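For reference, the structure is listed below as structure tokens.
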Amino acid sequence: MEHDIEALTGGAMASIWSWVRAKIPAGVEVFDAHAHIGTDVDGRTMTGDGMRERMEAAGVKKSIVFPLNDPNARDDFSGPNDVVWRAYEEYPSSFVPFFRLNPHLDYDREFSRCVERGFMGLKLHPVSQEFELDDPRVVRLFGMAAETDLPILIHTGFAMQRIVEPLLPTVEAHPGLRLILGHCAMVEVLSATRAFEGHPNVLFETSVVQAKDLYELCCSVDPSRICFGSDIPYGDLPSTLHSILAAAEAAGVPEEALPGILSENIRRWFP
Ligand SMILES: [Zn+2]
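Next comes the structure, spelled out in structure tokens:
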């Protein structure tokens, strides 16, 4: 574990990491809007302790955490959701707990259980759980979240085919619904920034997005709509911080906008 952090911030990476540190404005409490705790079908794992170590090493104060695509998901994700909740109970000031659902199944019970328990948001993954964003069961779930004022983070990254066209009717029907587009709708980033420009409750999250797409994001949307994410354990904090800060600089995003991107834009939802 220490070796991981050393490899990302020391040796050949030391000068890049010091550039990142110097770029983060003084006093900014970095907020990671996308991180996972638990186990994935692909073998990845992350514990609450492991997450905390990474956050401390990189100077990150708070992270939104939710399950991976867990092999032990008891269909309704209740087991993996409990793992996230226990990590939150251990570190309540570090984690913002989101739960995960499978829209193909009868999700009402797990939705109510998690909302009553105090989960602060929902994570949906259209590729892993194999659904479209305009599937009636998903549209119904968006409506339930809007009614409960529950933010949703949607995977809109690798392997996504349709994002803007199936999502826009929901965004227009529920202007108050707070949405985080995980990986910033990178496959359709320009049409997404255009379509959601007038919808301030849609944020673009920046984890593991290639440089060209991050640059286009920074050029095409107001910086108040961008929030930093790492996608731990797929991404890491030093590299994803470097990516967004380098893209913002290349795109000419003013320095005054960096506290928003790194922290305040998402912190407004989770003070
Ligand atoms: Zn993720």
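Heads up: the sequence shown begins at 1 in the working numbering, then just goes up one per residue.
Backbone N, C-alpha and C define an ideal beta-carbon position, used for all residues, glycine too.
For clarity, every value in this text was computed on a predicted model and none was experimentally measured.
Assumed close pair residue i, residue j - CB separation to whole angstroms, cut-off 8 Å
i	j	result
residue 229	residue 182	7 Å
residue 150	residue 121	6 Å
residue 87	residue 64	About 12 Å separates the two Cβ atoms, so there is no contact after all.
residue 20	residue 241	5 Å
Closer than 8 Å: residue i CB and nearest ligand 1 heavy atom
i	result
residue 207	yes
residue 231	yes
residue 107	no
residue 38	no
residue 121	no
residue 182	yes
residue 242	no
residue 104	no
residue 199	no
residue 88	no
9 Å Cβ cutoff met for residue i and residue j
i	j	result
residue 214	residue 184	yes
residue 155	residue 125	yes
residue 224	residue 31	no
residue 248	residue 257	yes
residue 216	residue 190	yes
residue 163	residue 180	no
residue 85	residue 117	yes
Separation of residue j from residue i, as counted between CA atoms
i	j	result
residue 106	residue 138	11 Å
residue 251	residue 261	14 Å
residue 70	residue 38	7 Å
residue 255	residue 18	17 Å
residue 100	residue 243	27 Å
residue 67	residue 36	5 Å
residue 253	residue 76	42 Å
residue 81	residue 148	18 Å
residue 202	residue 43	31 Å
residue 161	residue 134	12 Å
residue 210	residue 231	14 Å
residue 4	residue 171	40 Å
residue 61	residue 55	7 Å
residue 57	residue 270	23 Å
residue 78	residue 143	21 Å
residue 9	residue 112	42 Å
residue 6	residue 12	10 Å
residue 178	residue 222	17 Å
residue 291	residue 74	Residue 291 cannot be examined here, being either before or after the span of the chain that is shown, 1 to 271.
Residue span of the alpha helix (DSSP H) that contains residue i, given as start and end
i	result
residue 97	Run containing residue 97: none in the alpha helix (DSSP H); it sits in the beta strand (DSSP E), 95 to 100.
residue 142	136 to 148
residue 228	Neither: residue 228 is in no alpha helix (DSSP H) and is coded neither H nor E.
residue 167	164 to 173
residue 245	237 to 250
Residue i - containing beta strand (DSSP E), residue span
i	result
residue 289	What the structure shows of the chain is the stretch from 1 to 271, and residue 289 is not part of that stretch, so it cannot be assessed.
residue 202	202 to 205
residue 31	30 to 36
residue 272	An answer regarding residue 272 cannot be provided, because it is not within the stretch 1 to 271 covered by the chain.
residue 180	179 to 182
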